[in-house]
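Q: Numbering (our numbering), first residue to last: 0 to 649. Cβ atoms here follow ideal geometry from the backbone N, Cα and C, with glycine treated the same way. Attaching a single structure in structure tokens format; questions to follow.
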Amino acid sequence: MVSCLFACGFLAAIGRSFYLQVLQHEQLVKRAERQHHRTIPITPARGGIFDRTGAPMAVSLEMDSLYAEPKRINNPGATAAALAPLIGLPQQELHRKLDSERSFTWIARQMTPETAARIRSLKLPGLGFVKESKRFYPNFEIASHVLGFTGLDPEGLEGLERRYDATVLGKTGYLLTERDALGRDVSLREAVVQDASPGKSLHLTLDKNIQYFTEKELAKAVVGSRAKNGMALVADPATGKILALANYPTFNPNAFRQYPTLHLRNRAVSDSFEPGSTFKVFLLAAALEEKLVRPQDGINCENGRYAFGGRIIRDDHPQGRLSIAEVLKYSSNIGSAKVGLKLGDDRLYRYLKAFGFGEKSGIDLPGEASGGLRPINRWYGTDIATISFGQGVSATAIQLVAATSAVANGGLLMKPYLVERITDSNGQELQRFEPQTVRRVISSQTAGTIARMMEGVTQKGGTGTNAAIEGIRVAGKTGTAQKADPVSKGYSATKRTASFVGFVPADKPLLTILVVIDEPATSPYGGVVAAPAFREIAFNTLCYLKASGVGAACELPALEQIDKPGTLPTAPVAYTASEIAEGGNIETVGTGTAMPDFRGMSMRRVLQTMEKRQLNLQLRGSGRVIEQHPQPGQVIRGSDEIWVRLAPTA
């Protein structure tokens, strides 16, 4: 009986051991690790963002973060005195951090390589370093509203960084510390980082060079007209790909906290405005599609003054009898109102909805507005007349570009998008986004007719002659809209939104372009302040794309070096301390900063030097630096243009 009892006990012990050591092994190991280790999260690496040529738009820099183990610091006062001037913290505050019973505390996060090297040289006990990732935008202001920015976490706060945060954000790493039996931290001397991994990368439809042309001309138009702000977009009408999206004023995402909140707003997506006469394109497209009018049909424009529903509709330039094509060419409000009345409420509303107004386009950016197109049961009195020429309705810039692209591509409304594909850290493609047709809006015949009518706008006598390009057929439409006055609850007598939208070449459209200038002071007309910017953006982009018909007159500004696809890594770029280099031993002469010697540097070293010296530097190409401007040692100031050109090594 005793032997049986011992045998049963022995079998029970074996069974329990098998259960704990085999069946429950993994769970108990994890529980033990939680009891014996403390995990301190560190900033994960975000995947890269690249334009359609492979040029980097956002990269991850590997930076040193400094921590302290107060229990191992024998003289907190001396340590604080040595560190305070290097990291910019008050000595008393630093002393309080170091003179505590805590076993771990952060001292400084994501320091510059120079500061980290100086602290290392002090060889102070109780201090340690760990690598963390910092987001960096090598092109500074270029495409800042598209890319957005991140916080210290680094959580995406705006733009694509926010929209694709879960995709781009890597797996968080952890700093591990040992604990004793009472749960107290023992030491970080053998600290290791576990589980960190980079995020996925985004490859955009955006082109850095086209973006630069667009931003340059938009800024010139806003400043030249003394306007409040401005927006500009460039799209491929056949696919819905966004090639450029710009706002002015702009900002530097590397230092976004230094800018007013209004500068960070992506107005091209989040703001609605009354489109004015640009709406006449879609009105006439609907009337032609319904076969209510023909381009040659005549209409009485009442010599610039037309009484309707107790209101007076006026034309800035009085006209008598005009053809339908001339109504568009001369931008007659009276002619448009009469066409709208002939079309009727139901059909006009249905076509405007079909063109995408009153609903979000679905572009992959956060904060998109849907615009303002009231339901048909809320149209009263003169609404149909005023909506016919773009008053009493609002639209976003992206809606206007998508609708105009539907005319350019033969009648198909395409969904606009910015991200073309997503890759992993090894460059393997995980997902590709293809063009999406939302719906057919008008027939290809109607679209072709409207395109030819829009050409008349840029020809002699039209309102958009400033958008004409020699040797290129340009289709477009001017827009000048009164702005609502929140005080009087009516329309302002002085404030206007001036715009120009169109596509080039008109016979085989490659680009749809929109320029919107808000509250210009020099002239309220889109044909005066917005059309010239449209012309320059179109011409420079067609030259860059080497489109037929532009001839030998092309002389591209600034970013004439075309980046070739495939010359840059598709994985996130991480930079190590060993790759940090000074830009030559250059002394500063006079006021300003001396231009470093970048010649022969890799892109990694260039980026590190840019980060360290806070230079607003343009990168052209990839590989190693073969040319730079200004020359090494020359004094540069905030307003100077500085760039380096890189080329692949043999």
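Taking only three categories from DSSP, how would you classify VAL338?
A: It is helical.
Q: What's the C-alpha gap between GLU578 and LYS476?
A: For GLU578, the predicted structure reports a pLDDT of 32, less than 50, and the residue's modelled location is therefore unreliable. The matter cannot be settled from this model.
Q: In three-state terms, what does DSSP make of MET453?
A: Reduced to three states, the DSSP call for MET453 is helix.
Q: With distances taken from CA atoms, which of ASN376, GLU454 and VAL167 is nearest LYS199?
A: The option with the nearest alpha carbon to LYS199 is VAL167.
Q: Compute the Euclidean distance between the alpha carbons of TYR18 and MET62, then round it to the nearest angstrom.
A: Going by the C-alpha atoms only, they are around 46 Å apart.
Q: If we count Cβ pairs, one from each stretch, closer than 8 Å, do we get three or more for the stretch 78-89 versus the stretch 236-254?
A: Flag = no, the stretch 78-89 and the stretch 236-254 do not touch.
Q: Once you ignore the five residues that flank GLY461 on each side, which residues in its own chain have a CB closer than 6 Å to its CB?
A: So the list reads LYS328 and GLY455, once near-sequence residues are dropped.
Q: If you draw a straight line from the C-alpha of LEU340 to the C-alpha of ALA284, how long is it?
A: Their backbone Cα atoms lie some 14 Å apart in a straight line.
Q: Assign ARG55 to one of three DSSP states: helix, strand, or coil.
A: What sits at residue 55 in the sequence shown is Pro, not Arg. Strand, per DSSP.
Q: Going by C-alpha distance, which of GLU419, ALA57, GLY380 and ASN465 is nearest ILE536?
A: Closest option to ILE536, Cα to Cα, is ASN465.
Q: Identify the continuous beta strand (DSSP E) that holds ASP235 and give its terminal residues.
A: That residue, ASP235, is in no beta strand (DSSP E); it is neither H nor E in DSSP.
Q: For the alpha helix (DSSP H) that contains ALA286, what are its first and last residues?
A: 279-288 is the span of the alpha helix (DSSP H), which, as asked, contains ALA286.
Q: Report the residue ranges of all alpha helix (DSSP H) runs contained in full by the stretch 301-380; include only those spanning at least 4 residues, in chain order.
A: DSSP runs (the alpha helix (DSSP H)) wholly in the stretch 301-380: 323-328, 332-342 and 344-353.
Q: Looking at C-beta atoms only, is the number of pairs between the stretch 402-421 and the stretch 380-391 that lie closer than 8 Å three or more?
A: They do not touch, by the three-pair rule.
Q: Who are the Cβ neighbours of GLY589 in its own chain at under 6 Å, not counting the five residues just before and after it?
A: At GLY589, the pLDDT of 36 sits below 50, so the modelled position is not reliable and the matter cannot be decided from this model.
Q: Using the rule of at least 16 other Cβ atoms within 10 Å of the residue's Cβ for burial, across every protein chain shown, is CYS7 buried or exposed?
A: By the neighbour-count rule (16 or more Cβ atoms within 10 Å), CYS7 is not buried but exposed.
Q: PHE128 by DSSP, collapsed to three states: which one?
A: Strand.
Q: Does DSSP put ASP484 in a helix, a strand or coil?
A: Correct three-state label for ASP484: strand.
Q: Determine the closest residue to ALA505 out of THR521, THR493, ALA446 and ASN425, with distance taken between C-alpha atoms.
A: With distances taken between Cα atoms, ALA505 lies closest to ALA446.
Q: Using a Cβ-Cβ cut-off of 7 Å (strictly less than) and excluding sequence neighbours within five positions of GLU289, which residues of its own chain qualify?
A: If we look at GLU289 and ignore the five residues flanking it on each side, its Cβ neighbours are LEU342 and ARG346.
Q: Just reading off the alpha helix (DSSP H) that SER276 is part of, what are its end residues?
A: Run containing SER276: none; DSSP gives neither H nor E here.
Q: With a threshold of 8 Å on Cβ separation, who are the neighbours of ASN302 within its own chain once the five nearest residues in sequence on each side are excluded?
A: Closer than 8 Å at Cβ, skipping near neighbours: PRO317, GLN318 and GLY319.
Q: Would you tell me roughly how many angstroms separate the C-alpha atoms of GLY409 and PHE597, rounded to the nearest one?
A: Approximately 49 Å, taken between the alpha carbons.
Q: Measuring alpha carbon to alpha carbon, tell me which residue in PRO55, THR448 and LEU364 is nearest PHE281.
A: If we check each option's Cα against that of PHE281, THR448 comes out closest.
Q: Give the straight-line distance between the Cα atoms of PHE128 and ALA593, rounded to the nearest whole angstrom.
A: Straight-line Cα distance between these residues: approximately 31 Å.
Q: Determine whether the Cβ of GLY8 lies closer than 8 Å to any Cβ atom of chain C.
A: As a matter of chain content, chain C is missing from the structure shown, which is built from one protein chain.
Q: Tell me whether the beta-carbon of ALA67 lies closer than 8 Å to the beta-carbon of THR104.
A: A contact, by the Cβ cut-off of 8 Å.
Q: My guess is that GLY361 and ALA394 are in contact by the Cβ rule of under 8 Å, so how many angstroms apart are they, rounded?
A: About 15 Å; that fails the 8 Å criterion.
Q: May I ask you to report which of helix, strand or coil DSSP gives GLU654?
A: This structure cannot speak to residue 654, because the chain is shown only from 0 to 649.
Q: Taking three-plus beta-carbon pairs below 8 Å as touching, is the stretch 245-264 in contact with the stretch 142-160?
A: Taking 8 Å as the limit for Cβ pairs, the verdict is that the stretch 142-160 does touch the stretch 245-264.
Q: Quick check on the DSSP output: the beta strand (DSSP E) that includes GLN430 runs from which residue to which?
A: Element bounds for GLN430: 428-431.
Q: For CYS3, does the count of other Cβ atoms within 10 angstroms reach 16, so buried, or fall short, so exposed?
A: Burial call: exposed.
Q: Should ASN332 go down as buried or exposed, given a rule of 16 or more other Cβ atoms within 10 Å for buried?
A: Burial call: buried.
Q: Using the beta-carbon count (16 or more within 10 Å), is VAL572 buried or exposed?
A: Because VAL572 carries a pLDDT of 37, less than 50, the predicted location of this residue cannot be relied on, and no value is offered for it.
Q: Tell me, please, which residues DSSP counts as bridged to TYR18.
A: None, per the DSSP bridge assignment.
Q: Taking buried to mean at least 16 other C-beta atoms within 10 Å of its own C-beta, is GLY182 buried or exposed?
A: Only weak support is given to the placement of GLY182: the predicted model assigns it a pLDDT of 49, under 50, and the question is left unresolved by the model.
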